[in-house]
Amino acid sequence: DGKTHEAVSAKDGTLAVKGLKAGTKVDWEEIATIKGHYIDPEKSKGSITVKSGENTINVNNPTLNFGMDSQASNTAGQQFINPSKGQKLVDQVMIEAHQAPANAQLRLTTDFVEFGTGQQLGEKSLKQVTEFEAKQAKFVKAINLDFDATNMHGKKGVFTNVLEYYNPSTKEWEEVARHDDLKNEAEAIQIVKPEIHTELFFFDQNNKETKLTDPLKQVKGFDRVFYKNLIAGETYVFDLAMMHRETGKEFTDPSGKPVTGTLTVVAGKDGKVTSKINAKEYYENLAKEEAEKESDKEKEETDSKESETTKPENKPEVKATDATEQGTDTETPAEETEESTEYTPLVDVELLTGSVDVPFVTNLSAAKGKIMVAYEKLSHNDTPIAHEKDIKNEKQTGKVRNPKIGTKALVNGKTEVTTDGKITLTDEVAFEDLTPGVEYEQKVTWMDARTKKPVMIDGKELTSTIKFTPKESTGTVTVTIEDVAVQQLFGKDSKFSLVAFEETTSKGEKIVEHKDINDKGQTITIIKPVTPATPTSSKTVGTLPQTSGTLGNPFVWIILVLVIAAG
1 DGKTHEAVSA KDGTLAVKGL KAGTKVDWEE IATIKGHYID PEKSKGSITV
51 KSGENTINVN NPTLNFGMDS QASNTAGQQF INPSKGQKLV DQVMIEAHQA
101 PANAQLRLTT DFVEFGTGQQ LGEKSLKQVT EFEAKQAKFV KAINLDFDAT
151 NMHGKKGVFT NVLEYYNPST KEWEEVARHD DLKNEAEAIQ IVKPEIHTEL
201 FFFDQNNKET KLTDPLKQVK GFDRVFYKNL IAGETYVFDL AMMHRETGKE
251 FTDPSGKPVT GTLTVVAGKD GKVTSKINAK EYYENLAKEE AEKESDKEKE
301 ETDSKESETT KPENKPEVKA TDATEQGTDT ETPAEETEES TEYTPLVDVE
351 LLTGSVDVPF VTNLSAAKGK IMVAYEKLSH NDTPIAHEKD IKNEKQTGKV
401 RNPKIGTKAL VNGKTEVTTD GKITLTDEVA FEDLTPGVEY EQKVTWMDAR
451 TKKPVMIDGK ELTSTIKFTP KESTGTVTVT IEDVAVQQLF GKDSKFSLVA
501 FEETTSKGEK IVEHKDINDK GQTITIIKPV TPATPTSSKT VGTLPQTSGT
551 LGNPFVWIIL VLVIAAG
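Just so you know, we're using the UniProt record's numbering here: the sequence shown kicks off at 1 and counts up by one.
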């Protein structure tokens with residue numbers, strides 16, 4: 001009759017045509033369907049000619065049928081990441097429209113939660129909602145996530161997905177597929193747990209490793225960092241900070257500059273690798289061990305505790321909700337090119353165990369006897385991921401030697417002699433806390449106690465230097481000067497004292513000295529000998545001096561003279 005009528009079909013999709021004359025042509029078109037179905041353009045229109053009796057229009061309402069699978073990794077195709085910020089994750093969601101309208105409007109809700117529990121990872125929800133058109137029957141939708149894994153050592157995350165279809169007939173979003181297995185390994189991302197341990201070393205003057213160093217102006221050393229669970233190919237930064245054991249504060253050189261060291265390495269390329277293991281194998285074994293421990297623990301618990309632990313776990317359900325309710329953004333990206341229909345291949349990850357040496361150079365000339373402790377920090381993506389900071393750890397510790405010397409000065413083997421000829425000066429130097437095997441120079445300069453200046457003979461200082469290499473950290477060396485003419489040193493004095501000043505050096509750099517003008521142990525004395533007086537006039541025999549009075553009895557004098565002459 002040229003009129004348009006709307007009617008609702010039965011649940012089986014049939015629509016009875018009534019009240020029309022036989023021979024009437026009826027054009028029909030499906031304009032809306034029910035939840036879970038869609039309108040098939042090829043089967044949603046038709047016409048019939050009314051016949052006598054019962055006339056029925058059969059409307060085909062195809063059931064929506066979507067398949068969904070997914071694979072998670074980082075953008076490098078790895079399922080193992082560091083506990084640091086800036087982790088570029090991607091969830092590749094494989095969507096297949098087995099039975100659906102062309103260009104179906106879809107909404108994908110993706111979340112990244114804790115593996116096995118579904119609990120939120122981090123302070124904020126990681127849920128994302130993305131709307132798009134299905135321009136292909138099968139395609140991979142990549143959902144990217146910039147994830148901050150800071151302080152999540154050893155944790156494991158898993159992606160969940162809920163797919164919804166917008167039904168134009170009901171004007172509602174209808175869930176058509178769900179992929180939310182909280183223990184799905186294909187959707188899991190394991191956060192590794194790096195570990196480091198350190199051992200501090202210095203280089204001595206022979207470039208040998210040592211835990212003790214002389215107090216030199218330039219000391220080179222390194223902190224040997226033993227690491228575990230670094231991801232091969234990743235870039236890491238090792239930072240060394242030297243601490244003062246006594247104060248617990250940073251160790252500084254004489255200018256106030258902290259003692260530090262930094263080394264950037266690519267794991268597996270730099271340093272020394274002692275072992276490798278496939279990351280998947282490592283964490284599978286670890287999970288197995290933890291499961292066995294948990295099983296043993298449960299066996300030891302009481303029946304009451306067992307009953308509590310065996311209660312069904314209320315796992316959080318991941319529901320598809322509107323983006324605005326979750327505070328997330330809904331994006332509608334433009335689809336200009338054909339989307340991939342295959343996953344990006346995964347890349348195996350190797351976990352490395354090994355060591356690197358973090359170097360440092362510093363001035364320790366003013367640090368005699370001080371104890372240094374190396375604090376080490378390991379970073380990735382500007383995020384600290386491991387450290388060792390134990391002020392009492394002996395392996396992290398190094399010590400600056402505190403050399404001392406004492407002396408015994410002698411002249412001709414004594415502390416005091418009487419002579420104006422040539423002498424031999426010896427200075428026996430007792431040392432302690434020197435480095436065995438290192439060559440030192442021992443210098444002795446003789447000082448005039450009267451002037452407190454070096455003794456000068458023929459315009460040169462009275463000094464001597466010997467080289468020695470101690471076998472032990474303590475010992476003695478003797479510095480000798482022979483044939484020293486001292487007559488010219490007396491001047492107007494009948495005696496004088498010399499004081500030995502000692503200085504121990506290494507390659508010209510002073511290590512320790514002993515210079516005390518008042519030290520008796522460093523002092524020797526030389527006395528000028530007294531020359532006997534000689535007669536200056538002769539006396540005439542028989543002539544005697546008269547002091548007063550008479551000469552006395554001449555016979556007495558004759559007898560005396562005779563006695564003297566006879567003598």
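A virtual CB, placed ideally from N, CA and C, is assigned to each residue, including glycine. For clarity, every value in this text was computed on a predicted model and none was experimentally measured.
- A residue is called buried when at least 16 other Cβ atoms come within 10 angstroms of its Cβ; ALA291 does not meet this threshold and is exposed.
- DSSP lists GLN92 as the beta-bridge partner residues of ALA142.
- DSSP links THR150 through a beta bridge to no other residue.
- The criterion of a C-beta distance shorter than 8 Å is satisfied by ALA97 and ALA137.
- The alpha-carbon of THR426 is positioned some 12 Å away from that of GLU502.
- Every unbroken stretch of the beta strand (DSSP E) spanning 3 or more residues and falling wholly within the segment 6 to 43 is given here in chain order: 14 to 17 and 25 to 29.
- TYR282 carries a helical assignment under DSSP once its states are collapsed to helix, strand and coil.
- Pairing SER365 with LEU200 gives a Cβ-Cβ distance that is not under 8 Å.
- Inter-residue distance for VAL512 and ALA430 is about 12 Å (C-alpha atoms, whole angstroms).
- ALA367 places its beta carbon 8 Å or farther from that of ALA500.
- Taking C-beta separations shorter than 6 Å and ignoring five residues to either side along the sequence, the partners of GLN522 in its chain run THR407, ALA409, VAL499 and ALA500, following chain order.
- The criterion of a C-beta distance shorter than 8 Å is not satisfied by GLU29 and SER9.
- With a contact defined as Cβ atoms closer than 8 Å, GLY36 and LEU64 qualify at about 6 Å.
- Residue state for LEU182 is assigned as coil, using DSSP reduced to three classes.
- One Cα belongs to GLU482, the other to THR476, and the distance between them is close to 20 Å.
- With contact defined as three or more Cβ pairs closer than 8 Å, the segment 65 to 74 and the segment 176 to 191 are in contact.
- For ALA279, the closest C-alpha among the options GLU250, ALA232, ILE39 and ARG245 is that of ALA232.
- For ILE481, the uninterrupted beta strand (DSSP E) segment begins and ends at 475 to 485.
- In this chain, the beta strand (DSSP E) harbouring ARG224 covers 219 to 231.
- Within the segment 52 to 94, the runs of beta strand (DSSP E) that reach at least 3 residues and sit entirely inside it are, in chain order, 55 to 58 and 65 to 74.
- For VAL356 against VAL225, the beta-carbon gap comes to about 5 Å, under 8 Å, which counts as contact.
- Cβ contact annotation for PHE80 (same chain, cutoff 7 Å, sequence separation greater than five): GLN190, VAL192, ILE231, ALA279 and VAL349, in chain order.
- For the 8 Å CB-CB criterion, GLU175 and VAL162 form a contact.
- Contact holds between the segment 462 to 471 and the segment 442 to 453, because three or more Cβ pairs, one in each stretch, are under 8 Å apart.
- Shortest Cα-Cα distance from THR260 to any of GLY268, PRO41, LYS208 and LYS377 involves LYS377.
- Counting other Cβ atoms within 10 Å of its Cβ, SER379 reaches 16 or more and is therefore classed as buried.
- Around the beta carbon of GLN396, a 10 Å sphere encloses 16 or more other beta carbons of the protein chains shown; the residue is thus reported as buried.
- Under DSSP, LEU489 takes part in no beta bridge, so it has no partner.
- Annotated as distal: ILE385 and ASN60, with beta-carbon spacing of 8 Å or more.
- For the options GLU6, GLY122, ALA22 and VAL140, the alpha carbon positioned closest to that of HIS153 is the one of GLY122.
- If you draw a 10 Å sphere on the C-beta of ASP146, you find fewer than 16 other C-beta atoms in it, and that means exposed.
- Distance from the CA atom of LYS510 to the CA atom of MET243, rounded to whole angstroms, is 25 Å.
- Assignment of ASP390 by DSSP, reduced to helix, strand and coil, places it in the coil class.
- Between LYS88 and ILE95, the alpha-carbon positions lie close to 22 Å from each other.
- Here the alpha carbon of VAL417 sits roughly 54 Å from the alpha carbon of PRO258.
- Secondary structure of GLU294 (DSSP, three-state): helix.
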